[in-house]
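Worksheet for the structure shown next.
Protein chains in written order, with the working numbering: chain A, 1 to 114; chain B, 1001 to 1115.
Here it is in structure tokens:
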């Protein structure tokens, strides 16, 4: 299984500000995924981050609001921009396992916007 | 298109009781994967099991067991002799073997184990 380090683990932010979440993997992976989990809800895929190309965003998510960087095969960042209380969620990064079947997740970032 | 249904929103049992979490999936794919994940209160998602669509063997791991039945499109998860540490939200998920690793998630079942 992959070891994924996600930072910060939690944060409380003021509305209108931005937060950048980092995800570091202990092995090289082609694809990294960013999810949002709103309170009491299931996971929703925000985007797929591929190294060397633009991230692919799911319906309802836009690059201006959730810019993603993928500078190399072990690291990615997700920025939540111009935050509002509706952005309060757990944000999780994920990578496929070495067998390419199951997905592994970082510890999550619990974001509260006040 | 795929869909995963976890009809049980919340289950509460007393410690040492057995509990089964239901998962029903819909898919037109001929080959697919099914998964169970555990999310404790700390928030991280812990992978529990993967099942391939062509392998209907049930699996047991300690107090955990999984019953996969293609005839009823179900992939149920049973915890035997539950413990307080089993309290968490459990998610069932699916994906096509052809998909770009994208998972279809159930809504999750919150399991509360009372001492």
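Just so it is clear, CB atoms sit at the ideal spot from N, CA and C, and this is done for glycine as well.
What does a CB cutoff of less than 6 Å around residue 13 (chain A) pick up in its chain, not counting 5 residues either side in sequence?
Non-local C-beta neighbours of residue 13 (chain A) in its own chain, meaning closer than 6 Å and more than five positions away in sequence, comprise 19, 83, 113, ordered along the chain.
Could you tell me if residue 1075 (chain B) is buried or exposed, where buried requires 16 or more neighbouring beta carbons within 10 angstroms of its beta carbon?
buried
Go through its chain and collect everything with a Cβ distance to residue 94 (chain A)'s Cβ below 6 Å, but skip five positions before and after it.
Excluding residues up to 5 positions away in sequence, 33, 103, 105 lie with their Cβ nearer than 6 Å to the Cβ of residue 94 (chain A) in the same chain.
Contact check, residue 1043 (chain B) vs residue 108 (chain A) under 8 Å by CB: the rounded distance?
Indeed, because the Cβ distance is near 4 Å, the residues count as touching under 8 Å.
May I ask which residues mark the beginning and end of the beta strand (DSSP E) holding residue 1114 (chain B)?
Note, residue 1114 (chain B): beta strand (DSSP E), 1109-1114.
Looking at chain A, which residues of the stretch 1013-1040 of chain B have a Cβ within less than 9 Å of any of its Cβ atoms?
Look at the stretch 1013-1040 of chain B: the residues with a C-beta under 9 Å from a C-beta of chain A are 1033, 1035, 1037, 1039.
By a C-beta neighbour count over all protein chains shown, 10 Å radius and 16 as the cutoff for buried, is residue 76 (chain A) buried or exposed?
buried
So the candidates are B:1113, B:1097, B:1011; which of them puts its Cα closest to the Cα of residue 950 (chain B)?
No statement about residue 950 (chain B) is possible, as the shown extent of chain B runs from 1001 to 1115 and does not include it.
Pull the bridge partners of residue 1032 (chain B) from the DSSP assignment, please.
Its beta-bridge partners are B:1096.
Can you grab the Cα-Cα spacing for the pair residue 1059 (chain B) / residue 30 (chain A), in whole Å?
31 Å
Return no unless some Cβ of chain B is closer than 7 Å to the Cβ of residue 74 (chain A).
no
Test: residue 1045 (chain B) CB closer than 7 Å to a CB of chain A
Closer than 7 Å: yes.
Would you mind listing the beta strand (DSSP E) stretches within the stretch 31-65 of chain A that are 3+ residues and don't spill past its ends, in chain order?
31-37, 44-50
First and last residue of the beta strand (DSSP E) that includes residue 1074 (chain B)?
1074-1079
To the nearest whole angstrom, what separates the beta carbons of residue 1068 (chain B) and residue 1034 (chain B), a pair I think is in contact under 8 Å?
7 Å
Round the Cβ separation of residue 47 (chain A) and residue 68 (chain A) to the nearest angstrom and send it over; I've been treating them as touching at under 8 Å.
6 Å
Cβ shell of residue 74 (chain A) (< 8 Å), same chain only, five flanking positions each side left out
Same-chain partners within the cutoff: 24, 25, 26, 27, 28, 29.
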